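From first to last, the protein sequence lines stand for chains V and E. All residue numbers for the first sequence refer to our numbering, where the first residue is 1 and numbers rise by one. All residue numbers for the second sequence refer to our numbering, where the first residue is 1001 and numbers rise by one. Backbone N, C-alpha and C define an ideal beta-carbon position, used for all residues, glycine too. All of these numbers come straight from a predicted model, not from anything done at the bench.
Number of protein chains: 2
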Amino acid sequence: MRIGELAARAGTTPRALRYYETRGLLPARRDAQGHRTYGEDDLRLLRQIHALQAFGFGLEETRPFVECLRAGHPTGDTCPASLDVYRSKLAELDACIAELNAVRETVRERLLLASASAAPEPRCELVPPQTDREETEPCSTPRPMSPR
Amino acid sequence: MRIGELAARAGTTPRALRYYETRGLLPARRDAQGHRTYGEDDLRLLRQIHALQAFGFGLEETRPFVECLRAGHPTGDTCPASLDVYRSKLAELDACIAELNAVRETVRERLLLASASAAPEPRCELVPPQTDREETEPCSTPRPMSPR
DNA sequence: CTAACCGTTGACGTCGGCGTCAACGCCAGC
DNA sequence: GCTGGCGTTGACGCCGACGTCAACGGTTAG
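Quick look at the structure:
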C-alpha cells in the first residue's frame, strides 16, 4: 500500500503521513521507485493517532500509544508510558477546566454588573434574543472535534 | 510620556505597544523627533487591554472596550459592543468547558479500563505516589494567567 | 507521443502576540 | 569625540500540524 491509498483509508492526507514520518512517528519502507510503502498495521497506528488527536492530544503525546501498538500489544494504552500520558492529560484537563470555570464566573459577574449599570432604568425590555445562531468556534487548546 | 516609560508603567514592553499601534488599537502622537508620545489616558487603555488578556481575550476582542474608554465612558464595558463580547466569550467558554469535560470523562474511563487490564492481578501495590510535582502548563487556548 | 495521475523533496504560509536582532538616528554627559 | 541610552523601522523566529506550491520523475492509458 502506498501513501495515497493509506491516507484515503485513514481519512487523512499524504502530507500528514509524510509529516509523521519526519517526526519519526510513522516510518515507512520504500519500494524500488523510492515510494513509501505501508502495511495494514500502519492503518491501525494511524487510527490510534487520530483517535487521540480528536481528544486534543498533541502528536508527541500519541507516540507512546503508537510504539505500544507496534510492540505488538492489542491496544495502544496497554503500556505504562501510555497510562502516564493519560494521567498527565487528566491533570492538564483538570487544571484547564478549573481555570476556565474561574474565568467564566468572573466574566459572568462583569457582564451582570455592566449590563445593570448600562441600563439606568431596568425597562424590562424583552427583545427577541437572537435570530441567527452563529457557530462560535470553541476551545482550541486541546482542540478536540476538529472539522473533518 | 514616551514609549519606554509607558511600557514600564503598564508592565509591558515597547514592542507590544508598537504592535498594538500597527493593529490600530493604540495609536500614538509623535513629537518633533518622530518619537511616539502618549498621555495618561493611554495608560488606562493599556490596563484595560491587559485585564482582558489575563482572562484569555484576544487583542481584537479588547478593541470594543478600548474604544469605549476612548469615547469617554467611565469603564470599558459600558458600551453595548463590549457587552456583546462578554456574551460571546461566555458562550465560547461554556462550549469549551463542556467539551473539555466530555474529553476528561472519556480519558478517565480509558485510564481506568486500561490500568485495570494492564494489571492482571490487582496486587494492591501502594507505591508512594509522586516524589516531585512537575508544573504542567495548563490550558493555553483562552490562556489566562500568563507569566508576568 | 502525450497526457493523466501518482509519487518524490524542499520551501514557504498559516495563526497570535509578541521576542529578538540589525542598522540606524538623536541627545546628554564626560 | 566617544559612549550610553533611548528612540525608530524592518525583518525574521517561535509554536503545532500540517496546506499549498514548485519542480521534478515514473507508470499507465489513450
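So if DSSP puts Pro36 (chain V) in a beta bridge, which residue, or which two residues, is it bridged to?
At residue 36 (chain V) the sequence reads Arg, which differs from the Pro that was named. Arg36 (chain V) is bridged to V:Arg30.
The segment 1004 to 1014 of chain E / the segment 1031 to 1046 of chain E touching (three or more Cβ pairs under 8 Å)
By the Cβ criterion, the segment 1004 to 1014 of chain E is in contact with the segment 1031 to 1046 of chain E, since at least three pairs of Cβ atoms, one from each stretch, lie closer than 8 Å.
Who are Arg1002 (chain E)'s beta bridge partners in DSSP?
Arg1002 (chain E) pairs with E:Thr1037.
Measure the CB-CB distance between Val1085 (chain E) and Leu90 (chain V) and report whether it falls below 8 Å.
Taking 8 Å as the Cβ cut-off, Val1085 (chain E) and Leu90 (chain V) do not qualify as a contacting pair.
Contact set between Gly1072 (chain E) and chain V, taken where Cβ atoms lie within less than 9 Å
Ordered by position in chain V, no residue passes the 9 Å Cβ test against Gly1072 (chain E), which lies about 15 Å from the chain.
With respect to the alpha helix (DSSP H) encompassing Ala71 (chain V), which residues constitute its N-terminal and C-terminal limits?
Annotation for Ala71 (chain V): no alpha helix (DSSP H) segment contains it, and DSSP assigns it neither H nor E.
Under the three-state reduction of DSSP, which class applies to Arg23 (chain V): helix, strand or coil?
In this structure, Arg23 (chain V) counts as coil in the three-state DSSP scheme.
According to DSSP, is Leu79 (chain V) part of a helix, a strand, or is it coil?
According to the sequence as given, residue 79 (chain V) is Cys; it is not Leu. In the three-state reduction of the DSSP assignment, Cys79 (chain V) falls in the coil class.
Looking at the C-beta of Gly1056 (chain E), does it have a partner C-beta in chain V at a distance below 8 Å?
Yes, contact with chain V.
Note down the Cα distance separating Leu52 (chain V) from Thr62 (chain V), rounded to an integer number of angstroms.
Straight across, the Cα-Cα distance linking Leu52 (chain V) with Thr62 (chain V) is about 7 Å.
Between Leu1083 (chain E) and chain V, is the shortest Cβ-Cβ distance under 8 Å, so that the two count as touching?
Yes, its Cβ sits closer than 8 Å to a Cβ of chain V.
Specify the secondary structure class of Phe1065 (chain E) as computed by DSSP and reduced to three states.
Under the three-state reduction of DSSP output, Phe1065 (chain E) falls in the helix class.
With 8 Å as the threshold, decide whether the Cβ of Ile97 (chain V) is near any Cβ in chain E.
Put simply, the CB of Ile97 (chain V) is near chain E, with a gap under 8 Å to one of its CB atoms.
Give the residues of chain E in contact with Ala114 (chain V), contact being defined as C-beta atoms less than 8 Å apart.
Near Ala114 (chain V) (Cβ distances below 8 Å), the residues of chain E are Thr1075, Asp1077, Thr1078, Ser1082, Leu1083 and Tyr1086.
Chain E partners of Arg23 (chain V), CB-CB under 8 Å?
Per Cβ cutoff of 8 Å: no residues; Arg23 (chain V) is ~20 Å from chain E at best.
In chain order, what residues of the same chain have a beta carbon less than 6 Å from the beta carbon of Ala81 (chain V), not counting five sequence neighbours either side?
Once the five neighbours on either side are set aside, the close Cβ partners of Ala81 (chain V) are Pro64.
From Leu1006 (chain E) to His1073 (chain E), what distance separates their C-alpha atoms?
Between Leu1006 (chain E) and His1073 (chain E), the C-alpha separation is close to 22 Å.
If contact means a Cβ-Cβ distance below 8 Å, which residues of the segment 35 to 68 of chain V contact chain E?
Phe55 and Gly56: these are the residues of the segment 35 to 68 of chain V whose beta carbon lies less than 8 Å from some beta carbon of chain E, given in chain order.
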